[in-house]
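The structure under discussion appears below in the form of structure tokens.
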Amino acid sequence: MVYDSQIAYSTIVFDFDGTLVDSAEIKKTAFMTALGAGVSVDPQECEKAYATHGTVNRTGLLALSFADIRGRPPEPAEHQALVDAYTAYFRRHMDEVVVFPGLPEFAARFADRRLMISSNAPRTEIVELCDKLSLSGYLSRIYGYPVSKEAALREILADYALDPAGLLYVGDRYEDGLVAEKVGVPFRRLDPGFHSTSASIVRSLGELADAIDRSAAGN
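So the sequence shown is numbered by the numbering used here: it starts at 2 and just counts up by one.
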């Protein structure tokens with residue numbers, strides 16, 4: 002895992018859900034609804050599949066979970082119906098997405114840096130949600146499915162001719178750190194809902210800002 006060191010980052014890229022917003026419960030319910038949990042499928046089977054494949058993007062999550070539960074991969078029409086049902090539920094409940102506090106202050110504090118998003122969620126959905134939540138003005142770029150997190154980070158490095166050490170990737174999952182490690186960029190775990198005494202996990206954008214300043218100062 003590559004952690005931040007004495008460096009002034011020019012670009013800070015966030016995984017969207019879990020760092021800037023919280024839509025975890027909405028997405029889980031969308032998943033359960035799409036698969037028919039409690040209607041045509043045992044809810045415990047859905048819970049098990051979600052726990053196994055929850056870090057995969059939506060299309061993969063639904064396909065893999067269907068295969069686990071049904072014992073076969075979904076037909077194309079079945080897969081599309083799953084994706085459509087999930088997406089429809091999520092869109093109906095967009096107004097319930099919670100914005101974690103502190104982005105305006107963070108953006109002002111690092112006004113000379115580029116702030117971006119790289120997420121597994123569909124890009125069109127992220128853009129719509131950022132507009133709805135008045136987050137778009139803080140962001141230079143937004144990446145989402147079908148572009149992978151790894152591909153997005155590599156594209157940012159190439160487009161801005163960045164030294165990998167100058168890009169900080171911020172995510173809420175251990176798996177996000179693995180993506181950063183694969184690309185060779187520093188990683189910081191930001192997880193407002195995760196209570197830990199680990200110095201490598203920060204729990205707010207304010208704590209993240211302080212950690213970035215400390216790393217730039219070599220502390």
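No residue lacks a Cβ here, since even glycine has one placed at the ideal position from N, Cα and C.
key: Best match in D164, E182 and Y175 for proximity to Y10 [C-alpha to C-alpha]   = Walking along the sequence shown from the start, residue 10 turns up at place 9. It is D164.
request  = State buried or exposed for P187, treating a residue as buried only when at least 16 other CB atoms are found within 10 Å of its CB.
outcome  = Position 186 of the sequence shown, counting from 1, holds the residue named residue 187. With 16 or more Cβ atoms within 10 Å of its Cβ, P187 is classed as buried.
task = Measure the Cβ-Cβ separation of F111 and I202 and say whether it is below 8 angstroms.
result = Taking the sequence shown and counting its residues from 1, the one referred to as residue 111 is at position 110. Taking the sequence shown and counting its residues from 1, the one referred to as residue 202 is at position 201. It is not a contact, given that the beta carbons lie outside the stated cut-off.
message = So for G172, helix, strand or coil by DSSP?
response = By 1-based counting over the sequence shown, the position of residue 172 is 171. Strand at G172.
task = To the nearest angstrom, report how far apart R71 and L65 are at their CA atoms.
result = Numbered from 1 along the sequence shown, position 70 holds the residue referred to as residue 71. Numbered from 1 along the sequence shown, position 64 holds the residue referred to as residue 65. Rounded to the nearest angstrom, the two C-alpha atoms are 10 angstroms apart.
message = According to DSSP, S119 sits in a beta bridge with which residue or residues?
response = Reading the sequence shown from its first residue, position 118 is the one you call residue 119. The partner list for S119 (beta bridge, DSSP) reads Y144.
ask   = So what does DSSP say about D184, is it helix, strand or coil?
value = As a working note, residue 184 is residue 183 in the sequence shown. Rather than Asp, the amino acid found at residue 184 in this sequence is Val. The answer is helix: DSSP assigns V184 an H, G or I state.
task = Evaluate contact between the segment 83–91 and the segment 113–121, counting only Cβ atoms and requiring at least three cross-stretch pairs below 8 angstroms.
result = no
query = Going by Cα to Cα distance, which pick from L130, D85 and D69 is closest to E97?
reply = Stepping through the sequence shown from its first residue, residue 97 is reached at position 96. Taking only the C-alpha atoms, the option nearest E97 is L130.
query = Does the pairing of the segment 99–107 with the segment 74–90 give three or more beta-carbon distances under 8 angstroms?
reply = Contact fails: fewer than three Cβ-Cβ distances are below 8 angstroms.
query = Among the residues of its own chain, which have a CB less than 7 angstroms from the CB of V84, if the five just before and after it don't count?
reply = Here residue 84 corresponds to residue number 83 of the sequence shown, with the count starting at 1. Within the same chain, V84 has close Cβ partners R59, T60 and L63.
query = Can you find at least 3 beta carbon pairs, one from the segment 46–57 and one from the segment 134–142, that sit closer than 8 angstroms?
reply = no
ask   = Which residues in the same chain have their Cβ closer than 8 angstroms to the Cβ of V184, if we skip the five residues on either side of it in sequence?
value = Taking the sequence shown and counting its residues from 1, one reaches residue 184 at position 183. Result list for V184: E151, L154, R155, L158, P165 and Y170, in chain order.
task = Return the residue from the list G145, A35, I213 and S137 that minimises the CA-CA distance to Q81.
result = Working through the sequence shown from its first residue, we reach residue 81 at position 80. Of the listed residues, the one whose Cα sits closest to Q81 is A35.
request  = Return helix, strand or coil for V128, following the three-state DSSP convention.
outcome  = To locate residue 128, count along the sequence shown from 1; it is residue 127. Helix at V128.
query = Is the distance from the Cβ of D160 to the Cβ of D16 below 8 angstroms?
reply = Indexing the sequence shown from 1 puts residue 160 at position 159. Indexing the sequence shown from 1 puts residue 16 at position 15. No, Cβ-Cβ distance for D160 and D16 is not below 8 angstroms.
ask   = Is A248 helix, strand or coil when you go by DSSP?
value = Here the chain has residues from 2 to 220 only, and residue 248 is not among them.
key: Cβ neighbours of Y4 in the same chain (closer than 8 angstroms, five flanking residues each side left out)   = One-based indexing of the sequence shown puts residue 4 at position 3. Caution is warranted here: a pLDDT of 44 is assigned to Y4, below 50, making its placement in the model unreliable, and the coordinate value is therefore given only provisionally. The residues are P187, F188, R189 and S201.
request  = Out of C47, D18, L21 and G145, point me to the one whose CA is closest to T30's CA.
outcome  = Counted from its first residue, the sequence shown places residue 30 at position 29. The option with the nearest alpha carbon to T30 is C47.
request  = Please classify R204: does DSSP put it in a helix, a strand, or coil?
outcome  = Position 203 of the sequence shown, counted from the start, is the residue given in the question as residue 204. Coil, per DSSP.
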